[in-house]
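Q: Going by the working numbering, the residue at position 64 of the sequence shown is 74; the numbering climbs one at a time, nothing skipped.
Pasting a structure here, questions to come.
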Amino acid sequence: MIPADDAHLPLHVVQVGLDDTIFQTAAPSDTRERQVAYGRALAALAPGARMTFVSATRRRAAAAFTIENVTFRPMPWSRWRRWTGLAPVLDGIHRDCPISVVATQMADEDAWAALRFGRRAGVPVVGQVHVDIFSPWLLREKGWLRWPIRWLRRQLGGWVVRRLDGVRVVSQTVADAMAARRMNADVRVLPVPIIMGAAEPSAPLRPRV
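So this is what it looks like as structure tokens:
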């Protein structure tokens, strides 16, 4: 997926997400720790590789920082910023350190904006689909305005998925549905792991008298 002209450059993976807990300082962030672990795994496979994680956030104090080979970059959040603000952010990152591939954690506004950047810069873009976008239940939401928004987002998701250089889905069912519709030639199944901590011991139940 890396353009031939950039094959000699260090691998630089940019991820785009919405989990701004990476910028919180009062408590640990699972997302931040997970991205750092991804960065270590990436460096083990490709020495010198680095990652950048871009996340929309409402935290006014959020600032960019780096842990090991992973840089976390905030993008001020707004509904329209995801449409108009992401591509310029990616342009700036690309100027500082050429991007090898962009991976978006959703196949909606972020992926659309990333595709704009990718087509202009010649950078491949891959996306993730965490839900069954073909399920009719996605459209069943209360509120007269929510249904058309859901419908439009599903149409956008279908348009984007067909144009991504690769798609990661969380179940074989979604992969099979995409294959049947010929939505993308490169669909990979990678379930989201669920990590459960040890349960705290509870007091024994006592029968009521």
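Built from N, CA and C at the ideal position, the CB exists for glycine as well.
Go through the segment 84–132 residue by residue and report every complete run of the alpha helix (DSSP H) that reaches 4 residues or more, in order.
A: Within the segment 84–132, the complete alpha helix (DSSP H) runs of at least 4 residues are 91–94, 96–106, 119–131.
Q: Would you mind sorting Thr62 into buried or exposed? The rule is 16 or more other CB atoms within 10 Å of its CB.
A: Buried is the call here.
Q: Name the residue from Ala51, Ala59, Leu52 whose alpha carbon lies nearest to the alpha carbon of Pro20.
A: Cα-wise, what sits closest to Pro20 is Ala59.
Q: Please go through the same chain and pick out, in chain order, the residues whose beta-carbon is closer than 6 Å to the beta-carbon of Arg126, but skip the five residues on each side of it.
A: So the list reads Ala97, once near-sequence residues are dropped.
Q: How is Val139 classed by DSSP in three states: helix, strand or coil?
A: Of the three classes helix, strand and coil, the one that applies to Val139 here is strand, per DSSP.
Q: How far does the beta strand (DSSP E) with Thr31 in it reach, from first residue to last?
A: Taken as a continuous stretch (DSSP letters only), Thr31 belongs to no beta strand (DSSP E), as it is neither H nor E.
Q: Alpha carbon to alpha carbon, what distance is there between Leu162 and Val23?
A: Approximately 29 Å, taken between the alpha carbons.
Q: How would you call Gly102, buried or exposed, if buried means at least 16 neighbouring beta carbons within 10 angstroms?
A: So Gly102 ends up on the exposed side.
Q: So is Ala73 buried or exposed if we call it buried at 16+ other beta carbons inside 10 Å?
A: Exposed: under 16 other Cβ atoms inside 10 Å.
Q: Considering Cα atoms alone, identify which of Thr31, Val26, Gly167 is closest to Arg68.
A: Residue Thr31 is the option with its Cα nearest to Arg68.
Q: Quick one: what's Gly176 bridged to in DSSP?
A: Paired residues: Val136.
Q: Arg42 and Phe82: beta carbons closer than 8 Å?
A: In contact: Arg42 and Phe82 (Cβ atoms closer than 8 Å).
Q: For Glu78, count neighbouring C-beta atoms within 10 Å of its own C-beta (all shown protein chains included) and say buried if the count is 16 or more, exposed if not.
A: Exposed, by the Cβ-count rule.
Q: Between which two residues does the beta strand (DSSP E) containing Met193 stretch?
A: No beta strand (DSSP E) holds Met193; DSSP gives it neither H nor E.
Q: Pull up the DSSP beta-bridge partners for Val23, would you.
A: The partner list for Val23 (beta bridge, DSSP) reads Met61, Val111.
Q: Which of the three DSSP states is assigned to Ala54 in this structure?
A: The answer is helix: DSSP assigns Ala54 an H, G or I state.
Q: Just mark Thr114 as buried or exposed, buried being the case when its beta carbon has 16 or more other beta carbons within 10 Å.
A: Buried, by the Cβ-count rule.
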